[in-house]
Structures are given as C-alpha cells and as structure tokens.
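Student: The sequence shown begins at 19 in this note's numbering and counts up one residue at a time.
Here it is, the structure, as structure tokens.
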Amino acid sequence: MLNKRFIAGAVCPRCAEMDRLVTFEEGGDTFKECVSCGYQEKQIANVQLSELDTRVNHGEKISDAVEPVKMMLDVTPKKDS
Numbered sequence: 019m020l021n022k023r024f025i026a027g028a029v030c031p032r033c034a035e036m037d038r039l040v041t042f043e044e045g046g047d048t049f050k051e052c053v054s055c056g057y058q059e060k061q062i063a064n065v066q067l068s069e070l071d072t073r074v075n076h077g078e079k080i081s082d083a084v085e086p087v088k089m090m091l092d093v094t095p096k097k098d099s
C-alpha cells in the first residue's frame, strides 16, 4: 500500500483544481498525482520533506515550574454621585 500525502494549497496543472494533489514514493522515485483528473508526474528534484519547526515540536523544554498568581482587586465601595 502506498503512503499518499496531500499537498496543501497545490493546484493541478491539468484540471486547475486546488488541494487535489497527493505525493507518494514508488520504487525509489517520488510522484505527485491529482485525485480528481488522474494527472501524474514524476518529481525530478527529490526534496527531503521534513516537519517545520514550531513552538510545539521545537526542542526547547518549557519549564514545569508553577508560580502562584496574585490577584489585586479594588474592593472599596463606590460613592453614588
């Protein structure tokens, strides 16, 4: 079974439908294919796909330290004018 992944925002060169292209590997080559019209193209440049660094998957560990929050409330009664 092929592991196909959609290419977000990509437009098919044949039918001009957006978000219909998938990418997959077969026999060591990378292909893109339109699920609407069946257009298929072999990728010439093999770009290493990797997940973008975000604050969620970035290597820095967020501190688990817990600090209390002090609430400052004004409880003085207001005078009617």
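We put the CB at the ideal spot given by N, CA and C, even for glycine.
Computed from a prediction, not measured in an experiment: that's the story for all the values here.
Below 8 Å on the Cβ atoms is my contact criterion, and I expect Met-36 with Gly-46 to pass it. Report the Cβ-Cβ distance as a whole number of Å.
Tutor: Contact flag wrong, Cβ pair sits at about 29 Å.
Student: According to the Cβ coordinates, are Tyr-57 and Arg-32 closer than 9 Å?
Tutor: Yes.
Student: Return the chain-ordered list of same chain residues with a C-beta closer than 7 Å to the C-beta of Val-53, the five sequence neighbours on each side being excluded.
Tutor: Excluding sequence neighbours, Val-53 sits near Arg-38, Val-40.
Student: Return the bridge partner residues of Gln-58 from the DSSP annotation.
Tutor: BP columns for Gln-58 point to Glu-51.
Student: For Leu-3 and Cys-55, I'd like the C-alpha separation in whole angstroms.
Tutor: Only positions 19 to 99 of the chain appear in the structure, and residue 3 is not among them; the question remains open.
Student: According to DSSP, is Arg-38 part of a helix, a strand, or is it coil?
Tutor: In this structure, Arg-38 counts as coil in the three-state DSSP scheme.
Student: At the level of alpha carbons, what is the spacing between Cys-30 and Asp-82?
Tutor: Whole-angstrom Cα-Cα distance: 46 Å.
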